[in-house]
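All the letters of the sequence shown, read from the start, carry residue numbers 5 to 292 under our numbering.
Glycine is no exception: its CB is placed at the ideal position from the N, C-alpha and C atoms.
Given the structure is predicted, the values throughout are model-derived calculations rather than measurements.
Working notes for the structure below.
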Amino acid sequence: MLIDGKEISKLAYKDIVNEIKIITKKIKRPPTLNIILIGENPSSLTYVNNKLKKCEEIGIKGNLIKKPNNIGQKDVLSIISELNADKRADGIILQLPIPNHLNERILIESINPLKDVDGLTATNIGLLSIGNPRFIPATAYGIMEILKKEKISSEGKNIVVIGRSNIVGKPMVALLSGKSENATVTVCHSKTINLEQHTVNADIIIVAVGKPNVLDGSMVKKGVIVIDVGINRIENKENSKGFSIVGDVEFNSISKKASLITPVPGGVGPMTIAMLMKNVCEAAKLNI
Ligand code: NDP
5 MLIDGKEISK
15 LAYKDIVNEI
25 KIITKKIKRP
35 PTLNIILIGE
45 NPSSLTYVNN
55 KLKKCEEIGI
65 KGNLIKKPNN
75 IGQKDVLSII
85 SELNADKRAD
95 GIILQLPIPN
105 HLNERILIES
115 INPLKDVDGL
125 TATNIGLLSI
135 GNPRFIPATA
145 YGIMEILKKE
155 KISSEGKNIV
165 VIGRSNIVGK
175 PMVALLSGKS
185 ENATVTVCHS
195 KTINLEQHTV
205 NADIIIVAVG
215 KPNVLDGSMV
225 KKGVIVIDVG
235 INRIENKENS
245 KGFSIVGDVE
255 FNSISKKASL
265 ITPVPGGVGP
275 MTIAMLMKNV
285 CEAAKLNI
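Right, dumping it as structure tokens:
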């Protein structure tokens, strides 16, 4: 059975839109999301445009600060510092990846944690890991909402998370292994030897790698629940664009064994943007 992320996100947006109306009345302006985009990475441009489109649709003011690839560290720091000081700037995002000459960690740490709606500052990662989250990174937040809406309990389950990035894998582990979810969590990554040995016993598998076919039907047990986070472009001459978007799992063989699976596209993606918007609301509420 497919998990329809689009449908779940529609329900989430109903609440978010209501909340935006209430916040807008109280703070006498719409909540704002400020996105710093550096360079011309085509995937980043698409992601940012999707976020801005959604902002406009639901009543959040999106503000794009687009800078050339060769911008220096000091200039990015001063943009962030201005946004930190601006009472009308609720959420701040530094769209990743950024060019190699910039220091990502220093720049992220310069964002005021109260405006860090991606949840990537050390303060917010720390709050999440002690079980008292302020801003949960949107993809992990979206996956938790999907599990909740599908009435999938994590308690006592064997959950394998493949991937350990700060934006997906690590927050997933923090959330699922915490005292509110009580799962037994195994983290796999590029140095894991014999991935199948871990995945074959899993009740739930969350795959966030960024490579197609990391997991196939022979590596999972019957009835497994699979959350596929990956977004990969593969060449497809039959498609007018010349490519197709696929996830990290080999869908055909896995879907024959899984009891539930998120498709790509239409699974985790729509929930990621919804939960980002929810975080922007939380940031704006700090002004009330
Ligand atoms: P990263 O590249 O930051 O992390 C990838 C992780 O996968 C790393 O921990 C890496 O291990 C691990 N890995 C790489 N190869 C293997 C392998 N063969 N077997 C097991 N583990 C492996 O990626 P992100 O977490 O940022 O993103 C992952 C995917 O999810 C991407 O396709 C991205 O586009 C997508 N994504 C989708 C979102 C959505 O809304 N649907 C949102 C965010 C991301 P190591 O740590 O050892 O390098």
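Starting from residue i, trace the alpha helix (DSSP H) in both directions and tell me its first and last residue.
i, result
"N67", "Note, N67: premise wrong, no alpha helix (DSSP H); beta strand (DSSP E) at 65-71."
"L180", "173-181"
"I62", "46-62"
"N256", "255-261"
"V272", "272-289"
"E113", "108-113"
"V218", "First-last for V218: undefined, no H or E at that position."
"E239", "Premise fails: E239 lies in the beta strand (DSSP E), 236-239, not in any alpha helix (DSSP H)."
Just checking residue i against ligand 2 - is the residue's beta carbon closer than 6 Å to any of the ligand's heavy atoms?
i, result
"D207", "With respect to ligand 2, the structure shown offers nothing to examine, as its ligands consist of ligand 1."
Measure the Cβ-Cβ separation of residue i and residue j and say whether it is below 7 Å.
i, j, result
"G95", "A287", "yes"
"M275", "I150", "yes"
"A142", "L49", "no"
"I24", "G63", "yes"
"I265", "S257", "no"
"I208", "I163", "yes"
"I112", "I75", "no"
"K125", "I115", "Per the sequence presented here, residue 125 reads as Thr, with Lys not at that position. Yes, these two residues count as a Cβ contact at 7 Å."
"V224", "T203", "yes"
"K226", "K261", "yes"
"L98", "I40", "yes"
"P269", "I238", "no"
"V272", "V233", "yes"
"N236", "P267", "no"
"C192", "I166", "yes"
"I84", "I69", "no"
Could you give the first and the last residue of the continuous beta strand (DSSP E) run that contains residue i?
i, result
"T296", "Residue 296 lies beyond the residue range present for the chain, which begins at 5 and ends at 292; the question has no answer from this structure."
"D79", "No beta strand (DSSP E) contains D79, which is instead part of the alpha helix (DSSP H) from 77-89."
"S248", "247-250"
"T188", "188-192"
"V164", "162-166"
"I24", "No beta strand (DSSP E) contains I24, which is instead part of the alpha helix (DSSP H) from 9-31."
Residues around ligand 1, please: the ones whose beta-carbon is closer than 6 Å to some heavy atom of it, in chain order.
These are the residues, in chain order, with a beta carbon less than 6 Å from any non-hydrogen atom of ligand 1: T143, I166, G167, R168, S169, I171, V172, G173, C192, H193, S194, K195, T196, L199, A212, V213, G214, K215, V218, V233, G234, I235, N236, V272, G273, T276.
Would you say the stretch 253-262 touches the stretch 14-34, given that touching needs at least three Cβ pairs under 8 Å?
Not touching, per the Cβ criterion.
Counting Cβ pairs closer than 8 Å, one from the stretch 112-119 and one from the stretch 88-96, do we hit at least three?
The stretch 112-119 makes contact with the stretch 88-96, as at least three CB pairs between them are under 8 Å.
When you compare the stretch 167-177 with the stretch 196-214, are there three or more beta-carbon pairs, one atom per stretch, that lie closer than 8 Å?
Yes: at least three Cβ pairs fall under 8 Å.
Three or more C-beta pairs below 8 Å linking the stretch 155-164 and the stretch 185-197:
Touching, per the Cβ criterion.
Should the stretch 100-112 be called in touch with the stretch 130-145, which here means at least 3 C-beta pairs below 8 Å?
Taking 8 Å as the limit for Cβ pairs, the verdict is that the stretch 130-145 does not touch the stretch 100-112.
Tell me whether the stretch 6-16 and the stretch 51-60 touch, counting them as touching only if at least three CB pairs, one residue from each stretch, are closer than 8 Å.
Taking 8 Å as the limit for Cβ pairs, the verdict is that the stretch 51-60 does not touch the stretch 6-16.
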